[in-house]
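Report on the structure given below.
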Amino acid sequence: MEQGTLAAVEYTVQDRVAWITVNRPKKLNALNRETVEAITAAATRAVEDPEVAVLVLTGAGEKAFVAGADIAEMAAMDAREGQAFGRFLVDSFDVLERSPKPVIAAVNGFALGGGCELAMACHIRIAADNARFGQPEVSLGLIPGAGGTQRLQRLVGRGKAMELILTGDMIPAAEAHRIGLVNQVVPAAELRTRVAAVAEGIGSKSPVALARAIEAVMTGGDLGLDDAMRIESSLFGLCFATGDMKEGTAAFLEKRKPEFPGT
Ligand code: DAK
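Going by the working numbering, the first residue of the sequence shown is number 183, and it counts up by one from there.
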């Protein structure tokens with residue numbers, strides 16, 4: 183196991199899974215600039231580490247995943263600083279969404295505002311049954327600015343996204359699951375083990391195929407069907423030139439477990 187602390191983030195690698203834990207529990211893991219920088223640095227480190235197959239993002243303590251951007255820090259910003267902070271958040275979340283390695287949000291409590299947006303920038307969301315989700319920005323005279331108006335409607339549909347954004351209401355994990363905002367809901371006490379099992383399962387697959395699959399889903403998702411299908415076909419075709427595909431198909435035919443070279 184490898185461990186380290188990057189300012190407000192804890193970083194641990196176990197069984198080829200990098201656990202990135204936002205570590206400001208007294209402020210419900212609210213995202214100030216330092217915390218966002220640390221998340222990005224940890225994610226970059228995990229993506230570059232050949233020993234890491236999957237990233238997991240979670241929050242320290244039992245109460246919050248991330249309760250949003252840091253309201254105290256934002257309150258002091260002028261329009262120029264607010265815009266720069268917003269761009270900074272968007273760019274940082276893009277590092278997660280564009281990661282060639284799968285990123286799972288283990289949502290262990292409040293995921294509000296920028297916290298809900300952070301979870302949505304991950305590829306898969308697994309929530310504890312006591313987690314709560316919402317986009318409460320309108321209560322602060324803001325609108326969601328780090329993907330909430332866009333990723334949310336792509337996940338749950340425009341009507342439900344509009345309702346969450348305009349009411350600012352929080353919804354429990356079960357409702358988030360029902361509308362497609364989260365993939366799974368598990369008992370809070372089992373969140374870590376259940377997420378680890380999913381991560382390790384994904385981590386046993388071909389790293390090259392995982393990266394190409396993420397690229398196909400993310401790049402194609404916002405295109406018309408014809409263009410998106412062409413991207414899928416070309417990424418599918420590229421798989422045939424990989425060591426992983428040769429190994430995966432050979433292992434199937436030889437009735438053994440594959441040992442992917444990751445090339
Ligand atoms: N920021 C700063 N501190 C926070 C915080 C936050 N988002 N959320 C909680 N805290 C702090 C509280 O102030 C309190 O600190 P102390 O008073 O103890 O020093 C501590 O965490 C514990 O919180 P509470 O005492 O309030 O705990 P409760 O259990 O009573 O309530 C709560 C939990 C989650 C319901 C409540 O804390 C709450 O409503 N928090 C705020 C949730 C929220 O509104 N989140 C959205 C923030 S706005 C942008 C892009 C993105 C964004 C902004 C701009 N650009 C493009 C420009 C994102 C915006 C947001 O996320």
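Even glycine gets a Cβ: it sits at the ideal position worked out from N, Cα and C.
Within a Cβ cutoff of 6 Å, which residues of the same chain sit near Met183, ignoring the five residues on either side of it in sequence?
Along the sequence shown, read from residue 1 onward, the residue named residue 183 stands at position 1. No answer about Met183 holds up, because its pLDDT of 46 lies below 50 and its placement is not dependable.
Under a CB-based cut-off of 8 Å, is Arg376 close to chain D?
As a matter of chain content, chain D is missing from the structure shown, which is built from one protein chain.
Within 10 angstroms of the Cβ of Val263, are there 16 or more other Cβ atoms? Answer buried if so, exposed if not.
Within the sequence shown, residue 263 is the residue found at index 81, counting from 1. Position check: residue 263 holds Glu in this sequence, whereas Val was assumed. Exposed, by the Cβ-count rule.
For Gly329 versus Val272, is the C-beta distance shorter than 8 Å?
Residue 329 sits at position 147 when you count from the first residue of the sequence shown. Residue 272 sits at position 90 when you count from the first residue of the sequence shown. Judged by their CB atoms, Gly329 and Val272 are nearer to each other than the 8 Å cut-off.
Mark Pro443 as exposed unless 16 or more other C-beta atoms lie within 10 angstroms of its C-beta, in which case mark it buried.
The residue given as residue 443 occupies position 261 in the sequence shown. Under a 10 Å Cβ-count criterion, Pro443 is classified as exposed, with fewer than 16 other Cβ atoms of the shown protein chains found around its own Cβ.
Here's a check: name, in chain order, each residue in its chain whose Cβ is nearer than 6 Å to the Cβ of Ala355, leaving out the five neighbours to either side.
Mapped onto the sequence shown, residue 355 falls at position 173. The beta carbon of Ala355 lies closer than 6 Å to those of Ala309, Asp311, Ala313, Val367 in the same chain, with the five residues before and after it left out.
Please determine whether the Cβ atom of Lys439 lies at a distance below 7 Å from any heavy atom of ligand 3.
This structure lacks ligand 3; the ligands present are ligand 1.
Specify, as a first and last residue, the run of the beta strand (DSSP E) that Ala287 falls within.
For the purposes of this step, residue 287 is identified with residue 105 of the sequence shown, where counting begins at 1. That run of the beta strand (DSSP E) goes 285-289.
C-alpha distance - Phe267 paired with Met344, whole-angstrom precision:
Here the question's residue 267 lines up with position 85 in the sequence shown. Here the question's residue 344 lines up with position 162 in the sequence shown. Going by C-alpha positions, Phe267 is about 24 Å away from Met344.
List the residues that DSSP assigns as beta-bridge partners of Gln335.
To locate residue 335, count along the sequence shown from 1; it is residue 153. Bridge partners of Gln335 according to DSSP: none are assigned.
For Leu407, the first and last residue of its enclosing alpha helix (DSSP H):
Position 225 of the sequence shown holds residue 407. For Leu407, the enclosing alpha helix (DSSP H) begins and ends at 407-421.
For a test of the three-state rule: what should DSSP assign to Pro318, helix, strand or coil?
For the purposes of this step, residue 318 is taken as the residue at position 136 of the sequence shown. DSSP places Pro318 in helix when its eight states are reduced to three.
Measuring straight from C-alpha to C-alpha, what distance separates Asn365 and Val238?
One-based indexing of the sequence shown puts residue 365 at position 183. One-based indexing of the sequence shown puts residue 238 at position 56. The alpha-carbon atoms of Asn365 and Val238 are separated by roughly 14 Å.
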